[in-house]
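Asks: One structure, pasted below without further comment.
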Amino acid sequence: MSYVIRAAPSPVNSTSVTQSSSMQVNALFLIPNLSELEVPRREFRRFSRRFLIHNVSYATSDVEHRTSPIHSPDVPLPALEAALKNERPLSSAFTRRDLFRYTGLLGAAAGITATLAACGGGPSSTSVVGGSASTGDLTTAIGYGNDQSFDPMQTASGFLMAAVNHVYEGLLENDPGTGETYAALAQAVPTDATASSWTMKIRDGATWHDGTPVTSDDVVFTFDRILDPQQNVLIRSFFSSWLQSVTKVDDQTVTLNFNYPFSAAAQRLSIAKIMPKHVFDGHWDEAKSGALVVGSGPYKLKSHTPKSNTAFEAYEAYNGPRPANFATMNWLSIVDTSSRIARVSGNNAGAQLADNIPVANVPTLTSGGRTVEGNPGMNLMYLLFDTTQAPFDDVRVRQAMFYAINTPKMIEIALGGKAAPATSYLYERNPDYARASTVYSYDPDKARSLLASAGVSGLDLTLLSTNVSWLADCLPTIKESWDAVGFNTTLEPQDTSAMVSKLNSGQKFQIAAGTSNPQAFGSDVDLLVRYTYSKGGLWTKTYAKWDDTPEAQKIYATMDEATRETDPAKRSTLVQSYLNQIAENAVYYPVLHQELLTAWDPKKIADVTPLPYPGVNLLQAKPA
127 MSYVIRAAPS PVNSTSVTQS SSMQVNALFL IPNLSELEVP RREFRRFSRR FLIHNVSYAT
187 SDVEHRTSPI HSPDVPLPAL EAALKNERPL SSAFTRRDLF RYTGLLGAAA GITATLAACG
247 GGPSSTSVVG GSASTGDLTT AIGYGNDQSF DPMQTASGFL MAAVNHVYEG LLENDPGTGE
307 TYAALAQAVP TDATASSWTM KIRDGATWHD GTPVTSDDVV FTFDRILDPQ QNVLIRSFFS
367 SWLQSVTKVD DQTVTLNFNY PFSAAAQRLS IAKIMPKHVF DGHWDEAKSG ALVVGSGPYK
427 LKSHTPKSNT AFEAYEAYNG PRPANFATMN WLSIVDTSSR IARVSGNNAG AQLADNIPVA
487 NVPTLTSGGR TVEGNPGMNL MYLLFDTTQA PFDDVRVRQA MFYAINTPKM IEIALGGKAA
547 PATSYLYERN PDYARASTVY SYDPDKARSL LASAGVSGLD LTLLSTNVSW LADCLPTIKE
607 SWDAVGFNTT LEPQDTSAMV SKLNSGQKFQ IAAGTSNPQA FGSDVDLLVR YTYSKGGLWT
667 KTYAKWDDTP EAQKIYATMD EATRETDPAK RSTLVQSYLN QIAENAVYYP VLHQELLTAW
727 DPKKIADVTP LPYPGVNLLQ AKPA
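At position 48 of the sequence shown the residue is numbered 174 (our numbering), and the sequence of numbers has no breaks.
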């Protein structure tokens, strides 16, 4: 909870305090010669006894109440309806500077535009400077768009997946640093990996952000949607093969029924963010847009402005394992590299942390006192083909496009060496990694030979791509490489949301390039592959239009067999078989795996865990 203090240039006439039915309070105090700023609850309590408050009004249960002008020694919170005692007014000698010094907020930024009660609060522009982490407020600059789906079951956005992890919870969650699974909404992590069902109890006292208790009905509601083939949500493929159903035992207990024992079940459950039935039943459009965001996590959504910023505040009633360490967070969506770096650089930096840091900017940031660290992982640049569009229905042509790319040059020039050419669908640190039987090393002669055998030459080619900064840096090398083997290449970069909209609509294209990292969901090989290769899934059915081919069916069958296999050696053989098939067919395949870098100011924020996937996880970070 936080409060907004707003100044008036003239003597105070009125102040409004608005209280929702859920007892979340926002207070506006008009004080002469004081600029507007937002303060956390704990700071407010320290100086509220010194405020002169006039004409307090508040509302409960949609009924407005008013008092006569009074002085308050301390505002009783959260029950403002309690009688306020009179005390002497604030001394006129108590200046603006005194107030800042008293509260520890000297230099905090102005410009908070409104209270939650008025319009959702928080800055509406990336031009707003964030507060200091030392006061419990954090501003971070994220190099990805925030204008895709906010629906936890439908988003693949690096920004919004990260946001979801702070607002919603699964029954179980995975630590972003260690990968260890811990109990979140559930009371305990099941330990029997050979069981055909798990019975799980919801954490005592867990509530939604509107104050309503979390119940088993919400859990069943969530999984019913995930498993429904008609709704076909993005994360369905992560569950449909092994999870049969989720049933209610009592108001606080559910049973998960498996099709077969699944060794990765505990880790996988972190993907399924539980959503309140009373809020979202029939309101999925609002969930997608961010108009409705109600979770049980440590942070509440404060405001969401697509293509600008997303702001959060601590949920004070949260009683789970990882409570909020910041009173407020403002996440700026800044795709442009120079603008993002500027936000985290210098003595007057407006952000304490930024992700998606290019290697070229590391020396400047470190010399300026910033910590810059990375974490190698699955993060990939992919090529995706519309296999209904000739000549990309021919596997030889698809393979040629990979062989033609001068990937070593691209990594050196565009990525500063912080990437590795893909030698498998998996990144090399994954426990199931093995070099694929088909590896697309840079070989323009082989590319020309494959194109000639397919009868292809002089083709006009349009590469549809996202405008993620590091991918944009790679595009010139791709064009140069393809043109060198006989294509006439046109680059068509655009906002990620725009490209995704085209793909979701089934629009025809030739080749698409983008960034992806299913490791944000989990790291087991079954998950990483099923993210794109799953029967009836978006990538193979809607995008590539390849789902019904014999080659695809063979991959799906091998994957299902591997998932059910309990013998580790046999399972490993099956995994390598379907990974080899995926590499050979080259329908959706990585060009490279990149190491992502995160920068932060260690004087203001501590315990940061750099992620091997896009976005940030600040559930353990704290003010320095």
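Built from N, CA and C at the ideal position, the CB exists for glycine as well. All values derive from a computational prediction rather than experimental measurement.
Nearest-angstrom Cα distance between Lys-403 and Pro-449?
Replies: Using only the alpha carbons, I get a separation of about 23 Å.
Asks: Assign Arg-167 to one of three DSSP states: helix, strand, or coil.
Replies: A caution first: Arg-167 carries a pLDDT of 44, below 50, which makes its placement in the model too unreliable to give a value.
Asks: Can you tell me where the beta strand (DSSP E) with Gly-426 in it begins and where it stops?
Replies: Note that residue 426 is Lys in the sequence shown here, rather than Gly. Taken as a continuous stretch (DSSP letters only), the beta strand (DSSP E) holding Lys-426 covers 425 to 431.
Asks: Short check: CB of Ile-400 to CB of Met-279, under 8 Å?
Replies: Not a contact, by the Cβ cut-off of 8 Å.
Asks: Tell me whether Ser-627 is buried or exposed, calling it buried when 16 or more other Cβ atoms sit within 10 Å of its Cβ.
Replies: By the 10 Å Cβ count, Ser-627 comes out exposed.
Asks: What did DSSP end up calling Asn-385 once you bin it into helix, strand or coil?
Replies: Three-state result, Asn-385: coil.
Asks: With H, G and I counted as helix, E and B as strand and the rest as coil, what does DSSP make of Pro-740?
Replies: Residue state, collapsed to three classes: coil.
Asks: Opposite Leu-369 in the DSSP bridges: which residues?
Replies: Phe-384, per the DSSP bridge assignment.
Asks: Leaving out five residues before and five after Ala-573 in sequence, what residues of the same chain have Cβ atoms less than 7 Å from its Cβ?
Replies: Hits under 7 Å: Ala-526, Tyr-529, Ala-530, Val-611.
Asks: Quick check: the segment 701 to 719 against the segment 543 to 560, are there 3 or more CB pairs under 8 Å?
Replies: Flag = yes, the segment 701 to 719 and the segment 543 to 560 touch.
Asks: Considering only their Cβ atoms, is the gap separating Arg-697 from Ser-363 smaller than 8 Å?
Replies: No; because the gap between Cβ atoms is not below 8 Å, this pair is not in contact.
Asks: Please list, in chain order, all residues of the same chain as Asp-586 whose beta carbon is under 6 Å from its beta carbon, the five residues on each side excluded.
Replies: Cβ neighbours of Asp-586 beyond the five flanking positions: Asn-614.
Asks: Identify every run of the beta strand (DSSP E) within the segment 277 to 316, keeping only runs that are complete inside it and at least 3 residues long; order them along the chain.
Replies: Segments of the beta strand (DSSP E) lying fully in the segment 277 to 316: 298 to 300, 307 to 309.
Asks: Determine the direct distance from the alpha carbon of Leu-590 to that of Ala-293, and round the result to whole angstroms.
Replies: The sequence shown places Val at residue 293, not Ala. If you take the alpha carbons of Val-293 and Leu-590, they lie about 33 Å apart.
Asks: Can you list, in chain order, the residues of its chain whose CB lies under 7 Å from that of Asn-743, leaving out five sequence neighbours each side?
Replies: The residues are Ala-288, Asn-291, Pro-302, Thr-735, Leu-737.
Asks: Compare the beta carbon distance of Lys-327 and Val-346 with 8 Å and say whether it is the shorter of the two.
Replies: Not in contact: Lys-327 and Val-346 (Cβ atoms no closer than 8 Å).
Asks: Output the distance between the C-alpha atoms of Trp-324 and Arg-394, rounded to the nearest integer angstrom.
Replies: Cα to Cα, Trp-324 sits roughly 14 Å from Arg-394.
Asks: Residue ranges of each beta strand (DSSP E) run of no fewer than 3 residues wholly in the segment 585 to 610, ordered along the chain?
Replies: Segments of the beta strand (DSSP E) lying fully in the segment 585 to 610: 586 to 592.
Asks: Using a threshold of 8 Å, state whether the C-beta atoms of Ala-477 and Ala-267 are closer than that.
Replies: Yes. Within cutoff.
Asks: Look up Ile-731 in the DSSP assignment and give the residues it is bridged to.
Replies: Its beta-bridge partners are Pro-749.
Asks: Whole angstroms is fine: what's the gap from Thr-533's alpha carbon to Thr-320's?
Replies: So the alpha carbons of these two residues sit roughly 43 Å apart.
Asks: So what does DSSP say about Met-685, is it helix, strand or coil?
Replies: In the structure shown, Met-685 sits in a helix (DSSP, three-state: H, G or I).
Asks: Does the segment 638 to 654 come close enough to the segment 338 to 357 to have 3 or more Cβ pairs within less than 8 Å?
Replies: No, the segment 638 to 654 does not touch the segment 338 to 357.
Asks: Given 8 Å as the limit, is there contact between the segment 710 to 729 and the segment 537 to 551, that is, 3 or more CB pairs closer than that?
Replies: Touching, per the Cβ criterion.
Asks: Just to confirm the assignment: which complete alpha helix (DSSP H) runs, minimum length 4, are found wholly within the segment 686 to 721?
Replies: Fully enclosed alpha helix (DSSP H) runs of 4 or longer: 694 to 711.
Asks: With a 10 Å radius around its C-beta and 16 neighbouring C-beta atoms as the bar for buried, classify Ala-646 as buried or exposed.
Replies: That one is buried.
Asks: Once DSSP output is grouped into helix, strand and coil, what is the label at Phe-364?
Replies: Helix, per DSSP.
Asks: Between which two residues does the beta strand (DSSP E) harbouring Leu-629 extend?
Replies: Note, Leu-629: premise wrong, no beta strand (DSSP E); alpha helix (DSSP H) at 622 to 630.
Asks: Within its chain, find whatever has a CB closer than 6 Å to the CB of Arg-172; leave out the 5 residues flanking it on each side and keep chain order.
Replies: Any reading at Arg-172 needs caution, since the residue's pLDDT is 40, under 50, leaving its predicted position unreliable; the model's value is listed next. For Arg-172, where only same-chain residues beyond five positions count, there are no Cβ hits under 6 Å.
Asks: Spatial neighbours of Thr-307 within its chain, please: C-beta separation below 6 Å, excluding the five flanking residues on both sides.
Replies: Contacts found: Leu-298, Asn-300, Val-315, Ala-392, Gln-393.
Asks: Hey, quick one: how far does the alpha helix (DSSP H) through Asp-263 stretch, first residue to last?
Replies: Looking at the DSSP string, Asp-263 is not in any alpha helix (DSSP H); the run it does join, the beta strand (DSSP E), is 263 to 268.
Asks: Quick check on the DSSP output: the alpha helix (DSSP H) that includes Phe-406 runs from which residue to which?
Replies: Its alpha helix (DSSP H) spans residues 403 to 406.
Asks: Look up Trp-665 in the DSSP assignment and say whether it is helix, strand or coil.
Replies: Three-state DSSP puts Trp-665 in a helix.
Asks: Rounding to the nearest angstrom, what Cα-Cα distance links Asp-686 and Ser-322 in this structure?
Replies: Going by the C-alpha atoms only, they are around 17 Å apart.
Asks: For Ala-598 and Leu-629, I'd like the C-alpha separation in whole angstroms.
Replies: Answer to the nearest angstrom: the Cα atoms are 19 Å apart.
Asks: Just to confirm the assignment, what range does the beta strand (DSSP E) spanning Glu-499 have?
Replies: 497 to 501 is the span of the beta strand (DSSP E), which, as asked, contains Glu-499.
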